[in-house]
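Engineer:
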Amino acid sequence: MSSPTLLASLLAGRTSRTEEQQVLALLRMASASALDRILLETDAADLIGSLDDRRFGPANRTAVRDLLVARIGDLSIQARANLAYGLQAGPTSRADAEAIRAVFLSCCGEGLTRLKNAMNMRTDSHDLEGLVYSDVRSPTIRAEILNHIAREAAGVEPGEAKVLCDIDDTVVCALHDRRYPRGTIYPGILALLDALDRGPDDQPFSMGDLTFVTARPGDAFGLIENHTRASLRRAGIAHHSVMTGTVQALFTRDLMAGRKIANIEHYHALFPEYRLLFIGDSGQADIRVGDTLWQRLEHALDIVFIHDVVHTSDAERARLRGERIHLVDTYVGAARIAHERGLIARAGLDRVVQESLSALAEIRWSSVEQERATRALFERDAALG
C-alpha cells in the first residue's frame, strides 16, 4: 500500500489516538520523495484537520505541522502550496500563521512567484489574498510575508499581466445594460479573458492570471465567493480567483469604488512582479476605479477597459481616452486595442472575433431591433482590421 493510500485509510472518519500516532510515524519515516507525494496526493486540510491537540495527551496536530515545516525543503512548490492551504482552511492560530510565513520564506525569486500562483489557483475561497489578508491575522507576520514578496519580486519578469475584472455588466448582462437579454454572457468576453491570460505570445508563464473584483459581498465562510466561482466555472471560466466586497460597500458608488481599489492594491502587493489590467463597466463605479488606479498604480498598470453599458457620449469617451480609460461597446473592440498594445497575440484577437460572432447567433434576443442594433456594433468593430 502506498504512503498516500495508507494515510487516507488512517484519516478516514474520526481518528483514534493510535491512528494519529501512526500518521505521525508515517510522516517521520517518509523519504523526501514519499513526503512530497503525500502532500501532493493528500488534501492537507484533511491531514491537519483530522489531528487534535486536545483529545489525546500528545499534541499531534502541532507535531505534524512542525514536522512538515522542518522538512519543507523536501517539498515541491505545489506541495508547499497545499501545506499552506491545510493551515489556512481551518482555524488559523498564530503558530499556524508562523508556519505559513515559513512556507513563503522557503521560496525565492521565480520559485516564490510560482508558489503564489499555485496558492491562488484554489477553486474555493481559500486563495492567496484570503490567506495573507484574512487568515494571517498578525500584522507583524503579514508584514514579514509582504516584505519578502516585495524583495523577491524585484528580479522576476513573467512577461505577462494579471487581469482584474468586474462581473456584473462586464462579464454578464445583469444591471444597467439593455442591449442584451438579462443573464447573457457577453459575446467575446471569455475569449478575451483567455487571450489576456495567455499573453502576447500565446505561451503563458502561468495560467489563472484572472481575478474577479466584485462589489458583491463576501461572508465569513466563503459561501458567496464559492457560489460566484461556481457560476463563473459554469460560464466557461475555469481558472480564476475572486475578491469580494461588503454589504456596506453596496450603499454608494464611492464605497463600491473604494472597496475595489483596496482589493486591487492588496492584489498588487501580492503580485508586484506582474503588470495589471482592469476591465469594468460604465454602469456603476468602475470609471472611478480606473481613474484612481492610474493615479496610484501607474507604474504597474497597462490599460483600463470600460464596457460601455449606458451610452456614454463621444465627447466623454474622448475625454476619458485622454485619461487612458478606454470605453468599448464590444469585446472585439477591446481585443483590437489589446492587440495593438501588445497585450494579446494575433491568434487571441482572432479567437475573440470568432467567439463573438458565434455567440451572437446563440442569443435569444428580446426583439429584432435589439439584435439588429447590437450586431451593428460587432460588425463595425470586426471590420476595423
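Under this note's numbering, the first residue of the sequence shown is numbered 895, with each subsequent residue one higher.
C-beta atoms are modelled at their ideal positions from N, C-alpha and C, and glycine is treated no differently.
From a predicted model like this one, the values you see are computed outputs, not experimental measurements.
Kindly indicate which three-state DSSP category ARG959 falls into: helix, strand or coil?
Structural biologist: Here residue 959 refers to the residue found at position 65 of the sequence shown. ARG959: helix per DSSP, three-state reduction.
Engineer: Can you tell me whether THR899 is buried or exposed? The criterion is at least 16 other CB atoms within 10 Å of its CB, across all chains shown.
Structural biologist: Position 5 of the sequence shown, counted from the first residue, corresponds to residue 899. Exposed, by the Cβ-count rule.
Engineer: My output table needs one value for GLY1174: the three-state DSSP class, helix, strand or coil.
Structural biologist: To locate residue 1174, count along the sequence shown from 1; it is residue 280. DSSP places GLY1174 in strand when its eight states are reduced to three.
Engineer: Three-state secondary structure (DSSP) at ASP1062?
Structural biologist: The residue given as residue 1062 occupies position 168 in the sequence shown. Three-state DSSP puts ASP1062 in a strand.
Engineer: In the DSSP output, which residue or residues are listed as bridge partners for PHE998?
Structural biologist: Working through the sequence shown from its first residue, we reach residue 998 at position 104. According to DSSP, PHE998 bridges with nothing at all.
Engineer: Could you give the uninterrupted runs of the alpha helix (DSSP H) lying entirely in the segment 1016–1095, keeping only those of 4 residues or more?
Structural biologist: The segment 1016–1095 contains these whole alpha helix (DSSP H) runs: 1033–1047, 1083–1092.
Engineer: Please name the residue, chosen from HIS1160, GLY1216, GLN972, that lies closest to LEU929 on a Cα-to-Cα basis.
Structural biologist: As a working mapping, residue 929 is identified with position 35 in the sequence shown. With distances taken between Cα atoms, LEU929 lies closest to GLN972.
Engineer: What are the boundary residues of the beta strand (DSSP E) that includes ILE1219?
Structural biologist: On the sequence shown, position 325 is the one that residue 1219 refers to. Note, ILE1219: beta strand (DSSP E), 1219–1222.
Engineer: Closest to ALA902 by CA distance: which of SER925, SER927, LEU933 is it?
Structural biologist: Locating residue 902 in the sequence shown gives position 8, where the first residue counts as 1. Closest by alpha carbon: LEU933.
Engineer: I need the straight-line Cα distance from CYS1059 to THR1105, nearest angstrom please.
Structural biologist: Here the question's residue 1059 lines up with position 165 in the sequence shown. Here the question's residue 1105 lines up with position 211 in the sequence shown. Approximately 6 Å between the Cα atoms of the pair.
Engineer: Starting from the C-beta of ASP1096, find all residues in its chain whose C-beta is less than 7 Å away, skip the five residues before and the five after it, and write them out in chain order.
Structural biologist: As a working note, residue 1096 is residue 202 in the sequence shown. The residues are ALA1239, ALA1241, GLY1242.
Engineer: Following the continuous alpha helix (DSSP H) through ASP1275, name the residue where it begins and the one where it ends.
Structural biologist: Looking up residue 1275 in the sequence shown gives position 381. Run containing ASP1275: 1262–1276, per the alpha helix (DSSP H) assignment.
Engineer: Rounding to the nearest angstrom, what Cα-Cα distance links ILE1155 and SER897 in this structure?
Structural biologist: Looking up residue 1155 in the sequence shown gives position 261. Looking up residue 897 in the sequence shown gives position 3. Those two C-alpha atoms are separated by around 46 Å.
Engineer: VAL963 and ALA991: beta carbons closer than 8 Å?
Structural biologist: What you label residue 963 is simply residue 69 of the sequence shown in a count that begins at 1. What you label residue 991 is simply residue 97 of the sequence shown in a count that begins at 1. No, the Cβ-Cβ distance between VAL963 and ALA991 is not below 8 Å.
Engineer: Identify whether MET1101 lies in helix, strand or coil by the three-state DSSP scheme.
Structural biologist: Residue 1101 sits at position 207 when you count from the first residue of the sequence shown. Three-state result, MET1101: coil.
Engineer: Starting from HIS1201, follow the beta strand (DSSP E) in both directions and report where the run begins and ends.
Structural biologist: If you number the sequence shown from 1, residue 1201 lands on position 307. Unbroken beta strand (DSSP E) run through HIS1201: 1195–1201.
Engineer: Are ALA1151 and ALA1179 close, meaning C-beta to C-beta below 8 Å?
Structural biologist: As a working note, residue 1151 is residue 257 in the sequence shown. As a working note, residue 1179 is residue 285 in the sequence shown. Yes, these two residues count as a Cβ contact at 8 Å.
Engineer: What is the residue span of the alpha helix (DSSP H) that THR898 lies within?
Structural biologist: If you number the sequence shown from 1, residue 898 lands on position 4. Here residue 898 is Pro; the residue named in the question, Thr, does not match the sequence. Per DSSP, PRO898 belongs to the alpha helix (DSSP H) from 897–905.
Engineer: Less than 6 Å between C-beta atoms, sequence neighbours within five positions excluded: which residues of the same chain meet that for CYS1001?
Structural biologist: Taking the sequence shown and counting its residues from 1, one reaches residue 1001 at position 107. These residues qualify, in order along the chain: LEU1009.
Engineer: According to DSSP, is SER944 helix, strand or coil?
Structural biologist: Within the sequence shown, numbered from 1, the residue matching residue 944 stands at position 50. If DSSP states are grouped into helix, strand and coil, SER944 belongs with coil.
Engineer: For THR1203, which option in LEU1271, ALA1253, ASN1011 has the closest C-alpha, if you only look at C-alpha atoms?
Structural biologist: Stepping through the sequence shown from its first residue, residue 1203 is reached at position 309. Strictly speaking, residue 1203 in this sequence is Val, with Thr absent from that position. It is LEU1271.
Engineer: Going by alpha carbons, who is nearest to GLY1049 out of LEU977, LEU1187, SER1250, TYR1168?
Structural biologist: Residue 1049 sits at position 155 when you count from the first residue of the sequence shown. Ranking LEU977, LEU1187, SER1250, TYR1168 by Cα distance to GLY1049 puts TYR1168 first.
Engineer: Answer yes if the segment 980–989 comes into contact with the segment 1025–1035, meaning at least three C-beta pairs across the two stretches below 8 Å, and no otherwise.
Structural biologist: They touch, by the three-pair rule.
Engineer: Secondary structure at SER925, three-state DSSP: helix, strand or coil?
Structural biologist: Here residue 925 corresponds to residue number 31 of the sequence shown, with the count starting at 1. DSSP places SER925 in coil when its eight states are reduced to three.
Engineer: Quick one: is GLY1216 buried, meaning 16 or more other Cβ sit within 10 Å of its Cβ, or exposed?
Structural biologist: For the purposes of this step, residue 1216 is identified with residue 322 of the sequence shown, where counting begins at 1. Its Cβ having fewer than 16 others within 10 Å, GLY1216 is exposed.
Engineer: Determine whether the beta carbon atoms of THR1224 and ASP1148 lie at a separation below 8 Å.
Structural biologist: The count along the sequence shown starts at 1 and reaches residue 1224 at position 330. The count along the sequence shown starts at 1 and reaches residue 1148 at position 254. For THR1224 and ASP1148, no; Cβs fall outside 8 Å.
Engineer: In this structure, how does DSSP classify GLY986 when only helix, strand and coil are distinguished?
Structural biologist: Along the sequence shown, one-based indexing puts residue 986 at 92. It is Thr, not Gly, that sits at residue 986 in the sequence shown. Note: THR986 maps to coil in three-state DSSP.
Engineer: Just to confirm, is the Cβ distance from HIS1233 to VAL1198 under 8 Å?
Structural biologist: On the sequence shown, position 339 is the one that residue 1233 refers to. On the sequence shown, position 304 is the one that residue 1198 refers to. Cβ distance not < 8 Å, so HIS1233 and VAL1198 don't count as in contact.
Engineer: Tell me whether HIS1193 is buried or exposed, calling it buried when 16 or more other Cβ atoms sit within 10 Å of its Cβ.
Structural biologist: Here residue 1193 corresponds to residue number 299 of the sequence shown, with the count starting at 1. By the neighbour-count rule (16 or more Cβ atoms within 10 Å), HIS1193 is not buried but exposed.
Engineer: Would DSSP call ARG1235 helix, strand or coil?
Structural biologist: Stepping through the sequence shown from its first residue, residue 1235 is reached at position 341. Coil.
Engineer: Could you check which residue in LEU921, SER970, GLU935, ILE966 has the C-alpha nearest to that of ARG955?
Structural biologist: On the sequence shown, residue 955 is found 61 positions in, with the first residue counted as 1. Answer by Cα proximity: LEU921.
Engineer: Report yes if the C-beta distance between LEU905 and LEU941 is below 8 Å; otherwise report no.
Structural biologist: Start at 1 with the first residue of the sequence shown, and residue 905 comes out as number 11. Start at 1 with the first residue of the sequence shown, and residue 941 comes out as number 47. Yes.
Engineer: Could you name the residues of the same chain whose beta carbon sits closer than 8 Å to that of HIS1121, not counting the 5 residues immediately before and after it, in chain order?
Structural biologist: Looking up residue 1121 in the sequence shown gives position 227. Confidence at HIS1121 is low in this model, with a pLDDT of 41, below 50, so its placement is unreliable and no value can be given for it.
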